[in-house]
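Worksheet: the structure to be examined is printed underneath.
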Amino acid sequence: MKVLLDGQAFRDKETTYIYLINRLNLPTYTGYNLDALWDVLGDSQPLEIEIYRARLILDQLGDYGRAMLDLLGDASIEFNHEIILRW
Numbered sequence: 000m001k002v003l004l005d006g007q008a009f010r011d012k013e014t015t016y017i018y019l020i021n022r023l024n025l026p027t028y029t030g031y032n033l034d035a036l037w038d039v040l041g042d043s044q045p046l047e048i049e050i051y052r053a054r055l056i057l058d059q060l061g062d063y064g065r066a067m068l069d070l071l072g073d074a075s076i077e078f079n080h081e082i083i084l085r086w
């Protein structure tokens, strides 16, 4: 499944998780934290995730945004998801 995400939607932690749950069709019980995101990405079928305006994730979420992008990068290796960042 291919999903296009907009970095502008990553405004704060809560908004980000709601956005990801909806756009990536993640279970509604997904927790709003990186460990929960890792778990559900590990349980999902391979995804192709393209994030445009990805720089805004860093601008809006700071270190947490960097940790989230790192997690997505690790998920691409561990779970065979394709992650494309458009700055």
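Numbering (numbering that gives the first Met the number 0), first residue to last: 0 to 86. The beta carbon of each residue, even a glycine, is placed where N, CA and C say it ideally should be.
Cβ-based neighbour list, residue i, same chain, cut-off 6 Å, excluding 5 preceding and 5 following
{"i": "P45", "result": "N79 and H80"}
Proximity of residue i and residue j at Cβ, strictly below 8 Å
{"i": "R65", "j": "L57", "result": "yes"}
{"i": "T27", "j": "I20", "result": "yes"}
{"i": "K1", "j": "Y31", "result": "no"}
Three-state secondary structure (DSSP) of residue i
{"i": "L4", "result": "strand"}
{"i": "R85", "result": "strand"}
{"i": "Y112", "result": "Any question about residue 112 goes unanswered here, given that the chain covers just 0 to 86."}
{"i": "Y16", "result": "helix"}
C-alpha distance - residue i paired with residue j, whole-angstrom precision
{"i": "L4", "j": "I76", "result": "19 Å"}
{"i": "A53", "j": "G6", "result": "5 Å"}
{"i": "A8", "j": "Q59", "result": "9 Å"}
{"i": "S43", "j": "Y63", "result": "23 Å"}
Beta-carbon proximity list for residue i, same chain, < 7 Å, skipping 5 on both sides
{"i": "W86", "result": "A53 and R54"}
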